[in-house]
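Trainee:
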Amino acid sequence: MSSTLLDTTSPFGTYRAEGLVRAAWRLADRHDLSKGLRKRIRSLVARLFQGPYDAEADGLKFRLYPGQNYDDRKILSKGRLPERAEHKLLRPYLSAGKVFVDVGANIGSYTLFAANAGAKVVAVEANPETASKLAFNIAANSPVDVELVNVAVGAEEGTLSLWLEPSNCGFATLVEDLTTGEWAGDWSPRDVEVKPLQSVLADKGLDRVDILKVDVEGFEDRVLLPFLRSADKALWPRVILIETNCRSHWAEDCLPVLADLGYGLAGETEDNMVFELQG
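With the numbering used here, the residue at position 169 of the sequence shown is 169, and numbering never jumps.
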């Protein structure tokens with residue numbers, strides 16, 4: 001597959017997604033087809049219709065690179081945001097003035113959803129290229145109250161290898177073991193800066209977090225648990241959404257720790273759980 005053009009300077013609307021493009025990506029996203037056939041169709045469609053394409057979903061603007069990212073494919077093929085079930089769980093907690101921290105922000109489907117609800121958002125994305133795409137999407141939806149931080153989050157400051165898979169930049173991971181077996185692919189590493197979550201929040205002058213979302217492909221425990229164990233309780237989020245579909249790759253299970261700290265399960269989907277601090 002040839003390299004897709006990364007364009008973060010042309011105005012939104014430069015790249016129109018015509019009917020044939022959407023139809024092709026809808027075909028590539030058909031889950032009534034076998035996984036193997038869908039993968040072959042997706043590979044062909046990605047060669048023919050790489051993008052970028054400019055599209056709106058649920059009133060939000062995105063520049064999409066469907067050959068490179070699952071979320072882009074979903075938005076283009078379905079004409080709506082992915083993670084609808086998760087957004088429904090979070091929506092009651094979002095309003096003007098709330099602080100939403102999005103760790104693993106990808107291209108902004110959560111970030112812009114929360115900002116559109118009036119929240120102040122800190123969007124944290126480790127992959128520099130994905131962060132550039134996110135920056136474009138934030139600007140395209142201006143005015144929104146979003147600050148972007150291009151850094152990985154972990155237990156301590158330093159550098160780690162971020163493993164990237166070219167067909168889904170949203171599945172970038174700091175857990176090398178995850179790149180084999182079920183998720184084997186054409187992975188390649190790049191070094192990225194790592195900071196503890198508490199340092200990221202301090203850099204942004206935040207003294208509270210209302211909602212924290214952590215979706216970092218098997219590294220969730222190393223983002224969340226060091227923060228909860230070191231931060232003043234006043235900084236603990238009232239609500240935490242954590243992705244659990246890579247739970248088997250956690251070094252420590254977050255769920256019993258959250259229960260011990262007073263977080264109760266407020267809802268769950270196939271891939272995520274939402275917890276609310278009790279009392």
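Think of the CB as a built atom: it goes at the ideal place given N, C-alpha and C, for glycine as much as any other residue.
Bear in mind the structure is a predicted one, so any value in this text is a computation, not a measurement.
With a Cβ-Cβ cutoff of 8 angstroms, do Phe62 and Asn127 count as a contact?
Mentor: Not closer than 8 angstroms, so no.
Trainee: When the Cα atoms are used, what is the spatial distance from Gly19 to Thr130?
Mentor: Computed Cα separation, rounded: 26 angstroms.
Trainee: Three-state secondary structure (DSSP) at Asp90?
Mentor: The residue you asked about is not Asp; residue 90 is Leu in the sequence shown. In the structure shown, Leu90 sits in a helix (DSSP, three-state: H, G or I).
Trainee: Can you tell which of Ser230, Ala172, Ala266 and Gly36 has the C-alpha that lies nearest to the C-alpha of Ser199?
Mentor: Nearest of Ser230, Ala172, Ala266 and Gly36 to Ser199, Cα basis: Ser230.
Trainee: Could you give the DSSP three-state label for Phe227: helix, strand or coil?
Mentor: Reduced to three states, the DSSP call for Phe227 is helix.
Trainee: Looking at the structure shown, is Asp210 part of a helix, part of a strand, or coil, going by DSSP?
Mentor: Looking at Asp210 - three-state DSSP - the assignment turns out to be coil, as it is neither helix nor strand.
Trainee: Quick one: grab the DSSP three-state call for Val274.
Mentor: Val274: strand per DSSP, three-state reduction.
Trainee: Val194 and Cys158 - do their beta-carbons sit closer together than 8 angstroms?
Mentor: One point to set straight first is that residue 158 is Gly, not Cys, in the sequence displayed. Taking 8 angstroms as the Cβ cut-off, Gly158 and Val194 qualify as a contacting pair.
Trainee: Note down, in chain order, each residue of its chain lying with its Cβ closer than 7 angstroms to the Cβ of Ala152, except the 5 sequence neighbours on either side.
Mentor: Excluding positions up to five away in sequence, the list reads Ala126, Leu160, Leu162, Leu174, Val192, Glu193 and Val194.
Trainee: Note down, one range per segment and in chain order, each alpha helix (DSSP H) of at least 4 residues found wholly within the segment 3 to 43.
Mentor: If we require 4 residues or more, the alpha helix (DSSP H) runs fully inside the segment 3 to 43 come out as 19 to 28.
Trainee: To which residues does DSSP link Trp163 through a beta bridge?
Mentor: Its beta-bridge partners are Thr173 and Pro189.
Trainee: Determine which residues share a DSSP beta bridge with Ala131 and list them.
Mentor: Ala131 is not bridged to any residue.
Trainee: Grab the span of the beta strand (DSSP E) containing Asp102 for me, first residue to last.
Mentor: Asp102 -> beta strand (DSSP E) spans Val99 to Val103.
Trainee: Are the beta-carbon atoms belonging to Val257 and Leu277 less than 8 angstroms from one another?
Mentor: No. Outside cutoff.
Trainee: Below 8 angstroms on the Cβ atoms is my contact criterion, and I expect Ala282 with Thr269 to pass it. Report the Cβ-Cβ distance as a whole number of Å.
Mentor: Residue 282 lies beyond the stretch modelled for the chain, which goes from 1 to 279, so this question has no answer here.
Trainee: Within 10 angstroms of the Cβ of Met1, are there 16 or more other Cβ atoms? Answer buried if so, exposed if not.
Mentor: Residue confidence for Met1 is low, a pLDDT of 38 falling below 50, so the modelled location carries little weight; the figure read from the coordinates is stated next. That one is exposed.
Trainee: Considering just the uninterrupted stretch of the alpha helix (DSSP H) at Arg73, what are its terminal residues?
Mentor: From DSSP, the alpha helix (DSSP H) with Arg73 extends over Tyr70 to Lys78.
Trainee: Express the C-alpha separation of Lys78 and Leu60 in angstroms, rounding to a whole number.
Mentor: C-alpha separation (whole angstroms): 14 angstroms.
Trainee: Identify whether Asp306 lies in helix, strand or coil by the three-state DSSP scheme.
Mentor: Residue 306 lies beyond the stretch modelled for the chain, which goes from 1 to 279, so this question has no answer here.
Trainee: Could you tell me the boundaries of the beta strand (DSSP E) in which Tyr263 lies?
Mentor: Looking at the DSSP string, the run of the beta strand (DSSP E) that includes Tyr263 is Tyr263 to Glu268.
Trainee: Which partner residues does Arg63 have in the DSSP bridge list?
Mentor: According to DSSP, Arg63 bridges with Asp54.
Trainee: Tell me the rounded alpha-carbon separation between Gly104 and Pro82.
Mentor: Approximately 15 angstroms between the Cα atoms of the pair.
Trainee: Does the beta-carbon of Ser34 have 16 or more other beta-carbons within 10 angstroms, so that it is buried, or is it exposed?
Mentor: Looking at its Cβ environment, which holds fewer than 16 other Cβ atoms inside 10 Å, Ser34 is exposed.
Trainee: Please report how far the alpha carbon of Asn69 lies from the alpha carbon of Arg26, in whole angstroms.
Mentor: Answer to the nearest angstrom: the Cα atoms are 14 angstroms apart.
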